[in-house]
Every structure is written in C-alpha cells, then in structure tokens.
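Below: one structure, written as structure tokens.
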Amino acid sequence: ANIDFEFIPPYTPEMNPIEQVWAEIRKRGFKNRAFKTLEEVMDKLQEVIQTLHWSDLKSIVYRKWISSDFDF
Numbered sequence: 001a002n003i004d005f006e007f008i009p010p011y012t013p014e015m016n017p018i019e020q021v022w023a024e025i026r027k028r029g030f031k032n033r034a035f036k037t038l039e040e041v042m043d044k045l046q047e048v049i050q051t052l053h054w055s056d057l058k059s060i061v062y063r064k065w066i067s068s069d070f071d072f
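Position 48, counted from 1, in the sequence shown is what full-length UniProt numbering calls 48; the numbers after and before it change by one each time, with no gaps.
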C-alpha cells in the first residue's frame, strides 16, 4: 500500500483535523443542549453530520501542511 503517515505532536488537538470537525458538530447541534436518551443524541448527531457539506469540511480542516501532501 502506498500510504504515508504524518505524525503530529501529542496534546495538540488544533493540529488534528477530526478535532476541528467535532468542534463544529458540537457548535451546530450540541451547544447548551441536554438530551434525555442516547437515541436523541444519535438522531441529532446524524442530523448535524448530514448538514455538513464538503466546502464546510474543507474550510474547517484545511491545513497547509496537509495540503502539501495531498491534492486539495
């Protein structure tokens, strides 16, 4: 397989793109909310994820050091 790993320093969530995605998900659907059941949480999570567009994700996770390795 032609896969290269890019290691990031520990304890640097700002460099981990998925952390930025989770922050956006929390902002869009979970800020100041309390859910009664896990099912409600899962439903809201699906709803928020379905509203994320490619352009949203690209603007959230774009990092120059990532794009230098991939064609974004």
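Cβ atoms here follow ideal geometry from the backbone N, Cα and C, with glycine treated the same way.
Please state if the CB of Gln20 and the CB of Ile49 are separated by a distance shorter than 7 Å.
For the purposes of this step, residue 49 is identified with residue 49 of the sequence shown, where counting begins at 1. For the purposes of this step, residue 20 is identified with residue 20 of the sequence shown, where counting begins at 1. Against a cut-off of 7 Å, the Cβ pair of Gln20 and Ile49 comes out as no contact.
Out of curiosity, what's the CA-to-CA distance linking Arg26 and Asp4?
Stepping through the sequence shown from its first residue, residue 26 is reached at position 26. Stepping through the sequence shown from its first residue, residue 4 is reached at position 4. Near 30 Å, if we compare the C-alpha coordinates of Asp4 and Arg26.
With DSSP as the reference, label Phe72 as helix, strand or coil.
By 1-based counting over the sequence shown, the position of residue 72 is 72. Summary for Phe72: the model assigns pLDDT 46, below 50, so the residue's position carries little reliability; its value from the coordinates is reported in the next sentence. Phe72: coil per DSSP, three-state reduction.
Between Phe35 and the rest of its own chain, which residues show a CB-CB distance below 6 Å, the 5 nearest in sequence each way excluded?
One-based indexing of the sequence shown puts residue 35 at position 35. Excluding positions up to five away in sequence, the list reads Val41.
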